[in-house]
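According to the working numbering, the sequence shown is numbered sequentially starting from -14. Heads up, the beta-carbon is just placed ideally off N, CA and C, and yes, glycines get one too. Note sheet for the following structure.
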Amino acid sequence: MYHLNIANKQMTNIDKIQFSEVGFRERQDLQEWIVSNPECLGEPLLIIQKEFNGFDNTSERLDLLALDKSGNLVIIENKTDSSGKDVVWQSVKYASYCSRLTDEKIINIFADYLRKYDSQNSDDYIASAKQKINEFLSDSTEDDIGLNPNETSQRIILVAAEFRQEVTSAVLWLMNFGINIRCIKCQLFKFNNDFFFDTQQIIPVPEVESFMIDIAEKKQEDIQIKNNKQSVLISFWSQFINATLSNAENLYANRTPSKDNWLGTKLGNGVGISVVITKESVKIRVEIKGNNKEDTLKIFDYLYQHKEEIESKFQYPVNWERCPETVYSFIIITNKAIGYSDKSEWRGANEFLIEESYKMQKILKSLLDKFVL
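Written as structure tokens, this is what we have:
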């Protein structure tokens, strides 16, 4: 930072100093500066409490608690010089505590703050708190704003002169999971007898913040889709395994429901059968794997010699996949009329997978009993 002398066309360096050099402290100084002008953190914020310790079964206290223009709670942790190594854990812990705060509790917290620190006396601090919150939120473009809208709407702002590498690494990692967390670097300067205070958001970098948020949201969406798919598959295989119990030739007894889209069983001689389900189809997949590529092809070619006999047992097309470049080859039967996306089709999927896998197991076993490598 530089001081400009307009008349002399000269620029003088302004010295950057440590907070500790001049005896400035986190609670008595930095915290009060932020309270006096919260927009120094880059956005309008309404401070509703400082040194808040109103959590159940703990005496821990967060530095500053605020509301943003969308009614989200903002946890602000301040460090004058180094961020320390525990600030991320502390702030996440405080955010988890705050996730349970209701509108009524938030208003009471703010009313208590006004009672302690507001210079204007009031006969009804609850009413004053409601009024100030409404006035603060009135400029928002959001419709029907509620305070602390859900259990993941809390935000975190970390303020420090320097951030340790383990802190920035943890912050970037948390952002991948949709945690709204920022690092703001604060700097202190001295020129003659005057002090100057400056802040700069370093994570996420403002120019790419929107992009990083979009990426994080996309990752979370992908994770949710994957989790939903796995949950559906576990449900499908649970009822499928139950459906096979009445089958005398049950190939899948004592199996555990899987989050994968297949269940497999071995027939011997390097051959296995898997039942497979996708969103829009069900399959019987014969997997041929010998001790090496040559053995795999010998087994496949032997079965292919009985192609007509095998295909005559099925009403669905049989796809023969001879793969000389890999150790696997396949025989696949597909029904594209049903899948796991429509739960009403699960019974039909069960019938196809049970009946067709049993037929495939029966004919392959009879052929493989006569086969010698």
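- Close beta carbons around I262, own chain, < 8 Å, minus the five adjacent residues each side: Answer for I262: L218, F221, N246, W247, K268, G324, Y325, A334, L338, listed in chain order.
- Item | Among L353, D0, Q(-5), I284, nearest to D183 - alpha-carbon criterion | That would be D0, whose Cα lies nearest to the Cα of D183.
- Spatially closest choice to N63 from F285, Q16, K274, by CA coordinates: Looking from the CA of N63, the closest CA among F285, Q16, K274 belongs to Q16.
- Query: Would DSSP call Q346 helix, strand or coil?
  - Reply: In the structure shown, Q346 sits in a helix (DSSP, three-state: H, G or I).
- Using the C-alpha atoms, what's the distance from P242 back to E294? The alpha-carbon atoms of E294 and P242 are separated by roughly 33 Å.
- If you draw a straight line from the alpha carbon of D128 to that of N42, how long is it in whole angstroms? Because D128 sits at a pLDDT of 49, beneath the cut-off of 50, its placement in the model cannot be relied upon, and the point is left open.
- Task: Report the option in F285, E36, F40, I32 whose CA atom is closest to the CA atom of A51.
- Result: Comparing Cα positions, the closest option is I32.
- Is the beta carbon of S266 less than 9 Å from the beta carbon of T319? S266 is a Cβ neighbour of T319, given a cutoff of 9 Å.
- Message: Would S76 and L143 be called neighbours here (beta carbons separated by less than 9 Å)?
- Response: The answer is yes: Cβ separation under 9 Å.
- Have a look at A112 and P134 and give me their C-alpha separation to the nearest angstrom. Approximately 21 Å, taken between the alpha carbons.
- Task: Note down, in chain order, each residue of its chain lying with its Cβ closer than 7 Å to the Cβ of T250, except the 5 sequence neighbours on either side.
- Result: Result list for T250: L236, Y237, G257, I258, in chain order.
- Outcome for R10 when other beta-carbon atoms lying within 10 angstroms are tallied against a minimum of 16: When all chains shown are included, R10 counts as exposed.
- N227 in three-state terms, based on DSSP: If DSSP states are grouped into helix, strand and coil, N227 belongs with the helices.
- Query: Taking the alpha carbon of V59 as the point to measure from, which residue in S68, E28, K350 has its own alpha carbon closest?
  - Reply: If we check each option's Cα against that of V59, E28 comes out closest.
- Message: Using only CA atoms, which one of N(-7), A(-8), I2 lies nearest to M(-14)?
- Response: If we check each option's Cα against that of M(-14), I2 comes out closest.
- Message: For E341, which residues in the same chain have their Cβ closer than 7 Å to its Cβ, ignoring the five residues on either side in sequence?
- Response: When the five nearest sequence neighbours on each side are left out, the beta carbons in the same chain lying within less than 7 Å of the beta carbon of E341 are those of I269, F299, I318, in order along the chain.
- Item | Cut-off 7 Å between Cβ atoms - residues of its own chain near N227, not counting five sequence neighbours on either side | Around N227: no qualifying Cβ.
- What residue does the beta strand (DSSP E) around C25 start on, and which one ends it? C25 -> no beta strand (DSSP E), and no H or E assigned at all.
- Can you tell which of V156, G253, A145 has its C-alpha closest to the C-alpha of L173? Checking every option, the nearest Cα to that of L173 belongs to A145.
- Item | Inter-residue Cα distance where the pair is E310 and I166 | Their backbone Cα atoms lie some 49 Å apart in a straight line.
- Query: Where DSSP assigns a beta bridge to F176, which residues make up the other side?
  - Reply: According to DSSP, residue pairing for F176 in a beta bridge involves D179.
- Task: Hey, could you find the ends of the beta strand (DSSP E) S259 is sitting in?
- Result: Annotation: the continuous beta strand (DSSP E) that includes S259 extends over 256 to 262.
- 6 Å Cβ shell around K278 - same chain, five flanking residues per side excluded: Within the same chain, and ignoring the five residues on either side of K278 in sequence, the residues whose Cβ sits closer than 6 Å to its Cβ are V312.
- Message: Taking DSSP's pairing of strands, which residues face N320 in a bridge?
- Response: According to DSSP, N320 bridges with V267.
- Item | Contained alpha helix (DSSP H) runs [length at least 4] in the stretch 280 to 304, N- to C-terminal order | Fully enclosed alpha helix (DSSP H) runs of 4 or longer: 292 to 296.
- Task: Would you mind reading off the limits of the beta strand (DSSP E) that contains D53?
- Result: Unbroken run through D53: none, as it is neither H nor E.
- Tell me whether the beta-carbon of F121 lies closer than 9 Å to the beta-carbon of K54. Taking 9 Å as the Cβ cut-off, F121 and K54 qualify as a contacting pair.
- Message: DSSP has N239 in a bridge; who is on the other side?
- Response: The partner list for N239 (beta bridge, DSSP) is empty, contrary to what the question assumes.
- Message: For a test of the three-state rule: what should DSSP assign to N42, helix, strand or coil?
- Response: Of the three classes helix, strand and coil, the one that applies to N42 here is coil, per DSSP.
- What first and last residue would you give for the beta strand (DSSP E) that runs through L86? For L86, there is no enclosing beta strand (DSSP E), as DSSP marks it with neither H nor E.
- How many angstroms separate the CA atom of I284 from the CA atom of S351? Distance between the alpha carbons of I284 and S351: 14 Å.
- Query: To the nearest angstrom, how far is it from the Cα of T137 to the Cα of G56?
  - Reply: For T137 and G56, the distance between alpha carbons rounds to 13 Å.
- Burial state of V357 (16 or more Cβ within 10 Å): The residue is exposed, with fewer than 16 neighbouring Cβ atoms inside 10 Å.
- Query: Which whole-angstrom value is the C-beta distance of V271 and M345, which I expect to be below 8 Å?
  - Reply: Confirmed, Cβ separation roughly 6 Å.
- Please classify T126: does DSSP put it in a helix, a strand, or coil? Residue placement at T126 is flagged as unreliable, the pLDDT there being 49, under the threshold of 50; a coordinate-derived value is accordingly withheld.
- Which residues mark the beginning and the end of the beta strand (DSSP E) in which V420 is found? As shown, the chain starts at -14 and ends at 358. That puts residue 420 outside it, with no answer to give.
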